[in-house]
Amino acid sequence: MKKPDFSKLVRKNVRELEPYHAEDIRCAVKLDANESPYSFNLEKNALERISSTALSRYPDPEAKGLKKAIARKFGLDTDAMVLGNGSDELIYYLIMTFGGPVLYPVPTFSMYGIIAQALGESHKGIPLDKDFDLDLDRMAAYIKKFRPGLIFLSSPNNPTGNCFSTDRILKIIEMASGIVVLDEAYQPFSSKRGFLSLLKDYKHLAILRTLSKIGLAALRVGYLVADDALLNEVNKVRLPYNLNALSQAVAERALKGSFLHDVTSAIVSGREQLYEALSLLPGVRPYPSEANFILIKVRDAEAVHKKLLGQGVLVRNMNSAVRGALRVTVGTPDENDKFMRALKKAVGGK
Ligand SMILES: *Cc1c(COP(=O)(O)O)cnc(C)c1O
Numbered sequence: 007m008k009k010p011d012f013s014k015l016v017r018k019n020v021r022e023l024e025p026y027h028a029e030d031i032r033c034a035v036k037l038d039a040n041e042s043p044y045s046f047n048l049e050k051n052a053l054e055r056i057s058s059t060a061l062s063r064y065p066d067p068e069a070k071g072l073k074k075a076i077a078r079k080f081g082l083d084t085d086a087m088v089l090g091n092g093s094d095e096l097i098y099y100l101i102m103t104f105g106g107p108v109l110y111p112v113p114t115f116s117m118y119g120i121i122a123q124a125l126g127e128s129h130k131g132i133p134l135d136k137d138f139d140l141d142l143d144r145m146a147a148y149i150k151k152f153r154p155g156l157i158f159l160s161s162p163n164n165p166t167g168n169c170f171s172t173d174r175i176l177k178i179i180e181m182a183s184g185i186v187v188l189d190e191a192y193q194p195f196s197s198k199r200g201f202l203s204l205l206k207d208y209k210h211l212a213i214l215r216t217l218s219k220i221g222l223a224a225l226r227v228g229y230l231v232a233d234d235a236l237l238n239e240v241n242k243v244r245l246p247y248n249l250n251a252l253s254q255a256v257a258e259r260a261l262k263g264s265f266l267h268d269v270t271s272a273i274v275s276g277r278e279q280l281y282e283a284l285s286l287l288p289g290v291r292p293y294p295s296e297a298n299f300i301l302i303k304v305r306d307a308e309a310v311h312k313k314l315l316g317q318g319v320l321v322r323n324m325n326s327a328v329r330g331a332l333r334v335t336v337g338t339p340d341e342n343d344k345f346m347r348a349l350k351k352a353v354g355g356k
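Shown next as structure tokens:
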């Protein structure tokens, strides 16, 4: 039977997409994906115990225990939230629920644009200013003209590492007619206050967080905090049982002790040391970071990226988003040392 030309059969917006490419290069030092270098270890036999309780049954559809554990751990005054299979899934749900146009600054986390495209919604990235802060005038003009259904602001921002200035974020929230999503994936590493306390004042604000960057990326757990009525709308498009039983059980355990807190402080002090070392290295310009990664500029990002790879060090090549830039995730002190040694060689032309 003749094989159909699938590229003609797919929806037009999907035709224009490329599958998401996640780097799968085995490297001794892997600092490309903003993961935590410290892994949570389950106590002995924990998996056996978890799986002995009815793998034949669907998990708790509301993940009530995990919601309570998250609320307790992060000092939320409510356990009203929507959980996602990673916050990526929540971005999907938000766009499916509220529709576009979808507005965000660039460079930023790529999934806002990719998911908007997948769902057939128009999307617009407005360049950050020279300090990597929000370009208020251009965003305001867009908001006025196109009335976006959703605005995504990642603060601290990926890949630049800075927080946007609070007064500009507030102005965007005030002028928005649709939903504003503050993506606080990196908030645990930041010295600035997050925006949770603003939820009571702004009913069209939603806050997105994740356990991925603080040590539990494999579990895929993200959470959305917002007004009950907003959450209720998002819950309509959520797939039943979107959080599997093993992730629920393991995340609950990891949230209990001081693991997440210890990991976060270790990464923050590692970041300060790494920043210091980077700023002393000629030919390298690091940008201050409130996240678990540092953006650096070098003379030839493509070449340096390749030379690092040759020495078993994988970082993220950001050259197409920010000219000359690489993004390095903060690793263990040992990994940071290995990265620094490799970088010295790479920019030294050896
Ligand atoms: C990594 C990242 C996410 C996605 O996190 P998951 O919960 O693992 O899906 C969301 N937003 C930003 C800004 C990120 O960098």
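Last residue of the sequence shown: number 356 in my numbering, and the count goes up by one each step with no gaps. All residues carry an ideal CB built from backbone N, CA and C; glycine is no exception.
*Does the Cβ of K79 lie closer than 7 Å to at least one heavy atom of ligand 3?*
Questions concerning ligand 3 fall outside what the structure shown contains, since the ligands it does hold are ligand 1.
*Who are the Cβ neighbours of L134 in its own chain at under 6 Å, not counting the five residues just before and after it?*
Within the sequence shown, residue 134 is the residue found at index 128, counting from 1. Contacts found: P111.
*Quick one: using the 10 Å Cβ neighbour count with 16 as the cut-off for buried, is K356 buried or exposed?*
Against the sequence shown, residue 356 aligns to sequence position 350. A caution first: K356 carries a pLDDT of 49, below 50, which makes its placement in the model unreliable, though a value can still be read off. Result: exposed.
*asked:* Looking at the secondary structure, which residues open and close the beta strand (DSSP E) in which I185 lies?
replied: Residue numbering aside, residue 185 sits at position 179 when the sequence shown is read from its first letter. Note, I185: beta strand (DSSP E), I185 to D189.
*Let me know if V334 comes out buried or exposed under the rule of 16 or more other beta-carbons within 10 Å of its beta-carbon.*
Taking the first residue of the sequence shown as position 1, residue 334 is located at position 328. Label assigned to V334: buried.
*What are the boundary residues of the alpha helix (DSSP H) that includes H267?*
Indexing the sequence shown from 1 puts residue 267 at position 261. Segment F265 to S285, the alpha helix (DSSP H) holding H267.
_beta strand (DSSP E) segment containing G90, residue limits_ = Along the sequence shown, one-based indexing puts residue 90 at 84. That run of the beta strand (DSSP E) goes V88 to N91.
*Where do the ends of the beta strand (DSSP E) carrying Y110 lie?*
The residue given as residue 110 occupies position 104 in the sequence shown. V108 to V112 is the span of the beta strand (DSSP E), which, as asked, contains Y110.
*Give me whichever residues DSSP pairs with S203 in a beta bridge.*
Stepping through the sequence shown from its first residue, residue 203 is reached at position 197. The partner list for S203 (beta bridge, DSSP) is empty, contrary to what the question assumes.
*Tell me whether K356 sits in a helix, a strand or coil according to DSSP, three-state version.*
Taking the sequence shown and counting its residues from 1, one reaches residue 356 at position 350. Annotation note: pLDDT 49 at K356 (below 50); position unreliable, no value reported.
*Within 7 Å: the Cβ of S128 and any heavy atom of ligand 1?*
Within the sequence shown, the letter at position 122 stands for residue 128. Because no heavy atom of ligand 1 lies under 7 Å away, the Cβ of S128 does not count as near it: no.
*Looking at C-alpha atoms only, which residue of V186, K198, A191 and Y229 is the closest neighbour of A212?*
Looking up residue 212 in the sequence shown gives position 206. Ranking V186, K198, A191 and Y229 by Cα distance to A212 puts V186 first.
*Taking DSSP as the reference, what is the three-state secondary structure of L357?*
In the structure as shown, the chain begins at 7 and stops at 356. Residue 357 is therefore absent and cannot be evaluated.
_Buried or exposed, going by whether 16 or more other CB atoms sit within 10 Å of the CB of I76?_
Reading the sequence shown from its first residue, position 70 is the one you call residue 76. Buried, because 16 or more other Cβ atoms sit within 10 Å of the Cβ of I76.
*asked:* Would you say the beta carbon of D189 is closer than 7 Å to some non-hydrogen atom of ligand 1?
replied: In the sequence shown, counting from the first residue as 1, residue 189 sits at position 183. Because some heavy atom of ligand 1 lies under 7 Å away, the Cβ of D189 counts as near it: yes.
*Spatial neighbours of L225 within its chain, please: CB distance less than 7 Å, with the 5 preceding and 5 following residues excluded, ordered by chain position.*
One-based indexing of the sequence shown puts residue 225 at position 219. So the qualifying residues of the chain are L217, S253, V256 and A257.
*For V46, which residues from the same chain have a beta carbon less than 7 Å from its beta carbon, with the 5 sequence-adjacent residues on both sides left out?*
Reading the sequence shown from its first residue, position 40 is the one you call residue 46. The question names Val, but residue 46 in the sequence shown is Phe. Excluding sequence neighbours, F46 sits near G221, L222, A260 and F265.
*Alpha carbon to alpha carbon, what distance is there between K262 and R63?*
Sequence index remark: in the sequence shown, residue 63 carries index 57 (1-based). Sequence index remark: in the sequence shown, residue 262 carries index 256 (1-based). Distance between the alpha carbons of R63 and K262 is about 25 Å.
*Please classify H129: is it buried, with 16 or more other beta-carbons within 10 angstroms of its beta-carbon, or exposed?*
Within the sequence shown, numbered from 1, the residue matching residue 129 stands at position 123. Answer is buried; the Cβ neighbour count reaches 16.
*Between the Cα of L37 and the Cα atoms of T338, K351, V88 and K350, which residue gives the shortest distance?*
The count along the sequence shown starts at 1 and reaches residue 37 at position 31. For the residues T338, K351, V88 and K350, the minimum Cα distance to L37 belongs to T338.
*Candidates S271, V88, S275 and C33: closest to L315 by CA position*: By 1-based counting over the sequence shown, the position of residue 315 is 309. Checking every option, the nearest Cα to that of L315 belongs to C33.
_Reduced DSSP secondary structure (H/G/I, E/B, other) of G368_ = What is shown of the chain runs 7 to 356, which leaves residue 368 out entirely.
*Are the segment 70-89 and the segment 161-168 touching, with three or more C-beta to C-beta distances below 8 Å?*
no
*Going straight from the alpha carbon of L176 to that of N91, what length do you get?*
Looking up residue 176 in the sequence shown gives position 170. Looking up residue 91 in the sequence shown gives position 85. If I take the Cα positions, the gap works out to 29 Å.
*Go through the segment 319-351 residue by residue and report every complete run of the beta strand (DSSP E) that reaches 3 residues or more, in order.*
331-335
*What did DSSP end up calling F2 once you bin it into helix, strand or coil?*
Because the chain in this structure spans residues 7 to 356, residue 2 falls outside the shown range and cannot be described.
*Within 10 angstroms of its Cβ, does T172 collect 16 or more other Cβ (buried), or is it exposed?*
To locate residue 172, count along the sequence shown from 1; it is residue 166. The residue in question, T172, is exposed, as its Cβ has fewer than 16 Cβ neighbours within 10 Å.
*To the nearest angstrom, how far is it from the Cα of L249 to the Cα of L61?*
Within the sequence shown, residue 249 is the residue found at index 243, counting from 1. Within the sequence shown, residue 61 is the residue found at index 55, counting from 1. If you take the alpha carbons of L249 and L61, they lie about 14 Å apart.
*Use the C-beta contact count for L349: other C-beta atoms within 10 angstroms, 16 or more gives buried, fewer gives exposed.*
Mapped onto the sequence shown, residue 349 falls at position 343. The residue is buried, with at least 16 neighbouring Cβ atoms inside 10 Å.
_With 16 other Cβ atoms within 10 Å as the buried cut-off, status of Y293_ = Indexing the sequence shown from 1 puts residue 293 at position 287. So Y293 counts as buried.
*Just to confirm, does N250 get its C-beta within under 7 Å of one of the non-hydrogen atoms of ligand 1?*
In the sequence shown, residue 250 corresponds to position 244, counting from 1. No, since every heavy atom of ligand 1 falls outside the 7 Å radius drawn around the Cβ of N250.
*Any idea if A52 is buried or exposed, counting beta-carbon neighbours within 10 angstroms, 16 or more meaning buried?*
Residue mapping note: residue 52 aligns to position 46 of the sequence shown, counting from 1. A52 comes out exposed.
*For S196, is the classification buried or exposed, using 16 other Cβ atoms within 10 angstroms of its Cβ as the cut-off for buried?*
To locate residue 196, count along the sequence shown from 1; it is residue 190. With 16 or more other Cβ atoms within 10 Å, it is buried.
*Measure the CB-CB distance between E341 and V16 and report whether it falls below 8 Å.*
Numbered from its first residue, the sequence shown carries residue 341 at position 335. Numbered from its first residue, the sequence shown carries residue 16 at position 10. Result no, Cβ atoms of E341 and V16 do not sit closer than 8 Å.
*Counting along the chain, where does the alpha helix (DSSP H) carrying I175 start and finish?*
Position 169 of the sequence shown, counted from the first residue, corresponds to residue 175. Per DSSP, I175 belongs to the alpha helix (DSSP H) from T172 to M181.
*Straight-line CA distance for F115 to S93?*
Taking the first residue of the sequence shown as position 1, residue 115 is located at position 109. Taking the first residue of the sequence shown as position 1, residue 93 is located at position 87. Taking the straight line joining both Cα atoms gives about 12 Å.
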